[in-house]
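Participant:
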Amino acid sequence: MRQQLFFSPTMREVPQGADIPSHQLMLRAGLIRQTASGIYSYLPLGRKVLRKVEQIIREEMDAAGGQELLMPAIQPAELWEESGRLDDYGPELMRLKDRHERDFVLGATHEEVITSLVRDEVNSYKKLPMNLYQIQTKYRDERRPRFGVLRSREFIMKDAYSFDTNKEDLDKNYRAMYEAYTNIFKRCGLDFRAVKADAGAIGGKGGTHEFMVLSDVGEDTIAYSNSSEYAANIEIAELPDMYEKADSPSESLKELYTPGMRTIEDLTNGLEIENSSLLKSVLFLIDDKPVLIVCRGDHEINEIKVQNAFDAENVMLAETEDIKHIMGTEAGFIGPVNAPEEVTIVCDFAVKAVSSGICGANLVDKHYQNVHPDRDFKVEKYGDFRLVQEGDPSPDGKGTIQFAKGIEVGHVFKLGTKYSEALGAQYLDENGRAQPIIMGCYGIGVSRTIAAIVEQHHDDNGLMWPKAVSPYDLHLLVLNPKQEEQNQLGETLYETLKRAGYDVLYDDRKERAGVKFKDSDLFGLPIRIACGKKAAEGIVEVKIRRDGKMEEVHINDLPSYLA
Ligand code: ATP
Ligand code: MG
Ligand code: MG
Ligand code: MG
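Sequential numbering from 1 applies to the sequence shown in full-length UniProt numbering.
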């Protein structure tokens, strides 16, 4: 590609509103441009990296037995009604009507569509197992789109779905996907960890793992053992024998957790929510009155249902923006609870809230405005509601817990029969009996993966693409285009290198050498070849972007040097 006509607008300054390196660099190097909040265009350089990552994903998915298809981004709302997620998914789901007033949604994910597809076409055990995938645009009206393509409202996902007749085969499919993901992220040059995870909005009772790229800008916290394979999202990290360990589990604590309020599961009993693992709650004291916060994954909770759950007229519910902010979720409620004694229980939300110092402020309009932790309420740590902490013994008994920040780039789930039962996707077994198909689903944020790669591969001067995902193999520069020898050599090398199979970006612009060097570092192709003063002697300067190593190489030696 000749850079003279290349559509790759660069920026010298750090763009406003871009707070993290990947967002800044993807804008500065001209990979992306924002079209609306959380909605991006990929310029040619960005598109090329997307293609590279997509290709790696395709190769590994195909090798693992996946079959690629393509489903529509626009989906009839009825399918989501059938699965029960039209309400459940909440405001993240983008909804629209056609000219006949029929309801549609923009696909946030494709369980419904794929399950209906398979329901209509697959009916015998002889056609299973099967694994179908697509690479496609997804829509989620994120409450806080941010960090560029790391959390956007339109993004590219690879989503795969497996279909099996028994749990053993599901396990095999899951394993195969787990391994494919490991290969994919390794090939992308990422330092990552697979962690046990929460089933979230997708639901399903089986296992689930998230693939986390280790990075300080990550929004998730990973709790891992310093001397074993144990690693979990802090949301679900187990606590080893905390009841025994608690300093003084008070009587009142036990009292509160008498039937109906004993565990999170019990708390969620009345909520008519199928997957109670989505629900988190915290109870603490404000003015000596226990206050309950309930929140649920990515979902809205119906206020009336919550009231029913506690059957107390003084459960004052206030859905507030603050609590959403604190908990990073889409729904939250706070209110004093008719609880027996002075009790304080803390789970992760309270810990977050307390450490951020905003807990209580503006949460409830009247009585409880601007309360402060410690001054206005107490926080103690008891029982299995305590969040795992650094230095805790690892639940597997090996080593102690450490924390790291992670970016979730992939997620694998065992769904079981949640969707096949809801949508009636059945097969006939060997005995001619109808059975629900057992499913799994497996997502990779393709666009987010690119941002994660940038987070791990850059320096102050710009990007540093790992070879496998670099938009071009080589950056060829002519330093002084007015010098005929340099031009000549540039043109010759451009042709010969292309013929040798390299994908070359050729800076033939009429710019100063300094500008070209700067842009070259910013683009971050693995190897730079500069035709400069020694062009007449057939000597070029080769620079390795990653370590900055520079060498003069005669063009006759170039093929072996690059090989
Ligand atoms: P998060 O916890 O970051 O909101 P998620 O758990 O909601 O992600 P999944 O439903 O597991 O996401 O979707 C599969 C993958 O899609 C995620 O692992 C992530 O890589 C990617 N993804 C999800 N939401 C976004 C987004 N808003 N922007 C970019 N990629 C996303
Ligand atoms: Mg999400
Ligand atoms: Mg998640
Ligand atoms: Mg997820």
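Quick reminder that beta carbons are idealized off the backbone N, C-alpha and C, glycines included.
Quick check: what's the CA-CA separation for residue 214 versus residue 231?
Facilitator: 12 angstroms
Participant: Over what stretch of residues does the alpha helix (DSSP H) that includes residue 131 continue unbroken?
Facilitator: Residue 131 -> not in any alpha helix (DSSP H); beta strand (DSSP E) instead, spanning 130-139.
Participant: For the region 511-555, which segments carrying the beta strand (DSSP E) assignment without a break, of at least 3 residues, lie completely within its bounds, in sequence order?
Facilitator: 527-531, 539-544, 550-554
Participant: Distance, Cα to Cα, residue 317 vs residue 55?
Facilitator: With a pLDDT of 33 at residue 317, under the threshold of 50, the modelled position of this residue cannot be trusted; read the value that follows with caution. Taking C-alpha positions only, residue 317 is separated from residue 55 by approximately 49 angstroms.
Participant: Which whole-angstrom value is the C-beta distance of residue 475 and residue 528, which I expect to be below 8 angstroms?
Facilitator: 5 angstroms
Participant: For the beta strand (DSSP E) containing residue 478, list its first residue and its last residue.
Facilitator: First-last of the beta strand (DSSP E) with residue 478: 474-478.
Participant: Determine the extent of the alpha helix (DSSP H) in which residue 87 is found, giving its start and end residues.
Facilitator: Membership of residue 87 in the alpha helix (DSSP H) is indicated by the continuous run 85-88.
Participant: DSSP three-state label for residue 217, please.
Facilitator: coil
Participant: Can you determine whether any heavy atom of ligand 1 sits closer than 7 angstroms to the C-beta of residue 447, and answer yes or no?
Facilitator: Under cutoff, so the answer is yes.
Participant: Might you give, ordered along the chain, the residues of its own chain that have their beta carbon closer than 6 angstroms to the beta carbon of residue 411, omitting 5 neighbours on each side?
Facilitator: 210, 443
Participant: Using a Cβ-based criterion (distance less than 7 angstroms to any ligand heavy atom), does residue 111 qualify as near ligand 3?
Facilitator: no
Participant: On the CB-based measure, 16 or more other CB atoms within 10 Å of its CB, does residue 554 come out buried or exposed?
Facilitator: exposed
Participant: Inspect the beta-carbon positions of residue 148 and residue 452 and report whether they are closer than 8 angstroms.
Facilitator: no
Participant: Starting from residue 24, trace the beta strand (DSSP E) both ways and give me its first and last residue.
Facilitator: If you look at residue 24, you'll find it isn't in any beta strand (DSSP E); it sits in the alpha helix (DSSP H) that goes 21-28.
Participant: How would you call residue 386, buried or exposed, if buried means at least 16 neighbouring beta carbons within 10 angstroms?
Facilitator: Since pLDDT at residue 386 reaches only 47, below the 50 mark, its modelled position is unreliable, and no value is offered.
Participant: In this structure, how does DSSP classify residue 631 when only helix, strand and coil are distinguished?
Facilitator: One cannot answer for residue 631 here, as it falls past the ends of the chain, which runs 1 to 563.
Participant: If you measure between the beta carbons of residue 131 and residue 207, is that distance less than 8 angstroms?
Facilitator: no
Participant: In angstroms with no decimal places, state the Cα-to-Cα distance between residue 175 and residue 422.
Facilitator: Looking at the two C-alpha atoms, the distance is approximately 25 angstroms.
Participant: Does DSSP put residue 463 in a helix, a strand or coil?
Facilitator: The three-state reading of DSSP puts residue 463 in strand, counting E and B together.
Participant: What three-state label does DSSP hand residue 163 in the structure shown?
Facilitator: strand
Participant: Restricting to Cα atoms, I'd like to know which of 11, 141, 414 is closest to residue 162.
Facilitator: 414
Participant: So what does DSSP say about residue 492, is it helix, strand or coil?
Facilitator: In the structure shown, the three-state DSSP call for residue 492 is helix.
Participant: Below 7 angstroms, is the gap between the Cβ of residue 390 and the nearest heavy atom of ligand 3?
Facilitator: Not under cutoff, so the answer is no.
Participant: Taking a contact to mean a Cβ-Cβ separation below 8 angstroms, would you say residue 536 touches residue 485 in this structure?
Facilitator: Contact annotation: residue 536 and residue 485 have beta-carbon atoms nearer than 8 angstroms.
Participant: What number of angstroms, rounded off, separates the C-alpha of residue 111 from the C-alpha of residue 540?
Facilitator: Roughly 54 angstroms between the two C-alpha positions.
Participant: So, for residue 117: in the same chain, excluding its five sequence neighbours on each side, which residues have a beta-carbon less than 7 angstroms away from its beta-carbon?
Facilitator: none
Participant: Hey, quick one: how far does the beta strand (DSSP E) through residue 42 stretch, first residue to last?
Facilitator: 39-42
Participant: Three Cβ pairs or more, each shorter than 8 angstroms: is that satisfied between the region 150-160 and the region 457-466?
Facilitator: Segments in contact, no.
Participant: Taking residue 61 as the reference, which of 178, 71, 99 has the closest Cα?
Facilitator: 178
Participant: Below 8 angstroms between beta carbons: does that hold for residue 520 and residue 477?
Facilitator: yes
Participant: Nearer than 7 angstroms: is that true of the beta carbon of residue 184 relative to any heavy atom of ligand 1?
Facilitator: Every heavy atom of ligand 1 is 7 angstroms or more from the Cβ of residue 184, so no.
Participant: Decide yes or no for the touch test of the region 399-409 against the region 217-234: beta carbon pairs closer than 8 angstroms, at least 3 of them.
Facilitator: yes
Participant: Does residue 408 pass the burial test, meaning 16 or more other C-beta atoms within 10 Å, or should it be called exposed?
Facilitator: Buried, by the Cβ-count rule.
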